[in-house]
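Numbering (the numbering used here), first residue to last: 19 to 362.
One structure is given here, and the rest of the page talks about it.
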């Protein structure tokens, strides 16, 4: 049985796309005793409580309005909590470039507040959501998430041998999530032209369901300080356009500030600390002063070569247009009939 069963769980940023899917999965498969949705957006709380998980049907779900920037509010919310999933963040690259202080306050300051509050309230484990943009970052969002990852790894030293264990999960673009490219392309279909940053651009992609399952599995795998990286497929931006709206033309508008042509989840400099498994990688912390023994998973992992790099353009696993269309239909709802026709 999952360690999450019968436990008390809190999700920061719990009213977002990931949060709602995570709540659904936890209720269906893990049955926690109490599930706290922590978010600063009052209206999203109302929508979630009325239309998704009403109190009459889901009394174990609690809605806690608060901001990760507010340590006192976090400490109040974390009372009696066993496990934390940290999904709250400013995530839009262009918004972060223009509002750097706000992104730093949420993504770095919020992480510091959460670390302190978890240790002070006796939380058992925390899994933080990171991003491929934190690997060799070129934009402010990625830089703040890299800093956040480092903070969570180092937090294991603060909590000591018997304190809270912290780790992070790093993965790519979530298909169909709020603000992602699929709904953006869908919103442009009526205009007949899709704006393309560059026809050569590639990305890692994962579905919400896959992301949630990977995060929840990390609670069982973690021993503190790791970055867990799933093996997921790559796609080209042009194939996404063909899958979403094959009837539309495309117009190259140029790469936006802070964007990469290709994303990387494990840069070469992290290869020496990385272990490979059947469906994921583990980037180990450079030191573990909080733990005397080697983690149990080391014996079953395969060390990566020194020049290994896991990037969206050298990934051996790619989705075809048909596979991508099927995935979008499965995770984002039914595809309208005229969208299934692909130009020859």
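Just so you know, even glycine gets a beta-carbon here, dropped at the ideal spot from N, CA and C.
{"Item": "Can you confirm whether the segment 160–167 touches the segment 119–128 when touching is taken to mean that 3 or more C-beta pairs between the two stretches lie within less than 8 angstroms?", "Value": "yes"}
{"Item": "Between which two residues does the alpha helix (DSSP H) carrying residue 203 extend?", "Value": "199–206"}
{"Item": "Just to confirm the assignment, what range does the alpha helix (DSSP H) spanning residue 236 have?", "Value": "226–239"}
{"Item": "In the DSSP assignment, find the alpha helix (DSSP H) that holds residue 26 and state where it starts and stops.", "Value": "Here residue 26 belongs to no alpha helix (DSSP H); instead the beta strand (DSSP E) covers 26–30."}
{"Item": "Can the beta-carbon of residue 284 be found closer than 7 angstroms to that of residue 247?", "Value": "yes"}
{"Item": "Ignoring anything shorter than 3 residues, give me the beta strand (DSSP E) runs that lie fully in the segment 44–84, in order along the chain.", "Value": "52–57 and 79–83"}
{"Item": "What residues in its chain sit with their C-beta under 8 angstroms from that of residue 18, if we drop five residues either side in the sequence?", "Value": "What is shown of the chain runs 19 to 362, which leaves residue 18 out entirely."}
{"Item": "Name the residue from 262, 69 and 111 whose alpha carbon lies nearest to the alpha carbon of residue 273.", "Value": "111"}
{"Item": "Skipping 5 residues on each side, what residues in its chain have a beta carbon closer than 6 angstroms to that of residue 179?", "Value": "308"}
{"Item": "Quick check on the burial criterion: 16 or more other C-beta atoms within 10 angstroms. Buried or exposed for residue 150?", "Value": "buried"}
{"Item": "Got a sec, what are the start and stop residues for the alpha helix (DSSP H) residue 130 sits in?", "Value": "128–139"}
{"Item": "Tell me the DSSP secondary structure of residue 349 in three-state form.", "Value": "helix"}
{"Item": "Given a cut-off of 7 angstroms on the beta-carbon distance, is the pair residue 160 and residue 152 in contact?", "Value": "yes"}
{"Item": "With DSSP as the reference, please indicate the residues paired to residue 212 in a beta bridge.", "Value": "268"}
{"Item": "Output the distance between the C-alpha atoms of residue 21 and residue 209, rounded to the nearest integer angstrom.", "Value": "49 angstroms"}
{"Item": "So residue 233 packs on residue 147, CB below 8 angstroms; how close in whole Å?", "Value": "7 angstroms"}
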